[in-house]
DNA sequence: ATACAATTGAGAACAATTCTCAATTATGCC
DNA sequence: GGCATAATTGAGAATTGTTCTCAATTGTAT
């Protein structure tokens, strides 16, 4: 499975600009940090990774930037039951594609899976529609995560 | 739709005892607080409710008790995207039955639904099985939540 | 090059949760 | 019923993840 950068700098910059925001070294550093392969990073981890390339960056900027990117739909913020938010690139050109998470409650390993994803998506779509009708909600997103013990931790 | 207490005191006590733990007024108060109808309470809310009947109870005890009950599978702890854990009675005699949540991201209203739940459960079961095989996980639980705007907030 | 608003880093502030510890209490045993 | 003992408790301090404040800096349109 080839690893390719999860963000396309040109595309991201265009998007940021599109929302009337500026391109800054801090924002580049956050994009680079998140594009490390297969990552689901906490803010602290993004901070460490970004600091390597841009030592002056502050933690507050990390949070602000992640919040901004999340608002723009470039990044997904999610939570796996410990008390830290995690971030990953959202769907889109160059990203991992629609997937859900399988989380080990012991070692916190997170597996992205997209097996069964078509069936899931189809059912979720129908459910969404049904719920929207019945309860009058305008549904925007969903979360689906499985929790358990990975092979190593199950011993 | 008849409202019945969501916890059966005798049953809960038996369970607590079964785990070698003691029955205390604080634990009773937490059970009572959680059994108010349709509730998905934060720790703070459980604290307030429990305090009404047992004014000496401390917040730390609330957290400890909720953690304990969660460990025993009597209570579900979940999160709806604000930064507070929420608690509800888990499945079991007297409980609400298996359901998922529909969350309004504006007013934080939480709707329990169990429409479509059979299809969902069936798909989730199969997915669980597939994931368990493919990734060697021993899966214990899942979370499925829909996020959107309720009728009032959509305006 | 200039002007101005957006962005930044640092540290203080905050909110939810967990920890510490001495005092209290539920339970098994006589 | 009373005793011994370990579990449980309340209070407040401590911790942790995250957000806020503010003066200094910087990206961008002109």
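Residue numbers (this note's numbering), protein chains in the order written: chain E, -13 to 141; chain G, -13 to 141. Note that the Cβ used here is the ideal one computed from N, Cα and C, for glycine as well.
If I'm right that residue i touches residue j with Cβ under 8 Å, what's the distance once you round it to whole angstroms?
| i | j | result |
| --- | --- | --- |
| residue 37 of chain G | residue 75 of chain G | Between residue 75 of chain G and residue 37 of chain G the Cβ distance is about 20 Å, and since that is not below 8 Å, they are no contact. |
| residue 85 of chain E | residue 103 of chain E | 7 Å |
| residue 99 of chain E | residue 32 of chain E | Not a contact, Cβ separation roughly 23 Å. |
| residue 124 of chain E | residue 135 of chain G | 5 Å |
| residue 1 of chain E | residue 58 of chain E | 6 Å |
Which value, in whole angstroms, describes the spacing of the CA atoms of residue i and residue j?
| i | j | result |
| --- | --- | --- |
| residue 48 of chain G | residue 6 of chain G | 19 Å |
| residue 121 of chain E | residue 133 of chain G | 12 Å |
| residue 138 of chain G | residue 28 of chain G | 23 Å |
| residue -4 of chain E | residue 41 of chain E | 23 Å |
| residue 141 of chain G | residue 118 of chain G | 43 Å |
| residue 54 of chain E | residue 13 of chain E | 10 Å |
| residue -2 of chain G | residue 108 of chain G | 29 Å |
Indicate whether at least one CB of chain E lies closer than 8 Å to the CB of residue i.
| i | result |
| --- | --- |
| residue 136 of chain G | yes |
| residue 14 of chain G | no |
| residue 128 of chain G | yes |
| residue 35 of chain G | no |
| residue 113 of chain G | yes |
Chain G beta carbons: is any one of them nearer than 8 Å to that of residue i?
| i | result |
| --- | --- |
| residue 61 of chain E | no |
| residue 0 of chain E | no |
| residue 17 of chain E | no |
| residue 45 of chain E | no |
| residue 98 of chain E | no |
| residue 140 of chain E | yes |
| residue 88 of chain E | yes |
| residue 70 of chain E | no |
For residue i, verify whether its CB is less than 7 Å away from any heavy atom of the ligand COA.
| i | result |
| --- | --- |
| residue 39 of chain E | As for the ligand COA, it is missing from this structure, which has no ligand bound. |
On a CA-only basis, which of the options is nearest residue i? Give me that one, please.
| i | options | result |
| --- | --- | --- |
| residue 110 of chain G | G/123, G/127, G/94 | G/127 |
| residue 68 of chain G | G/58, G/57, G/91, G/59 | G/91 |
| residue 26 of chain E | E/61, E/8, E/10, E/2 | E/61 |
| residue 16 of chain G | G/114, G/116, G/43, G/66 | G/43 |
| residue 71 of chain E | E/115, E/0, E/52, E/3 | E/52 |
| residue -6 of chain E | E/30, E/82, E/45 | E/82 |
| residue 129 of chain G | E/8, E/66, E/114, E/9 | E/66 |
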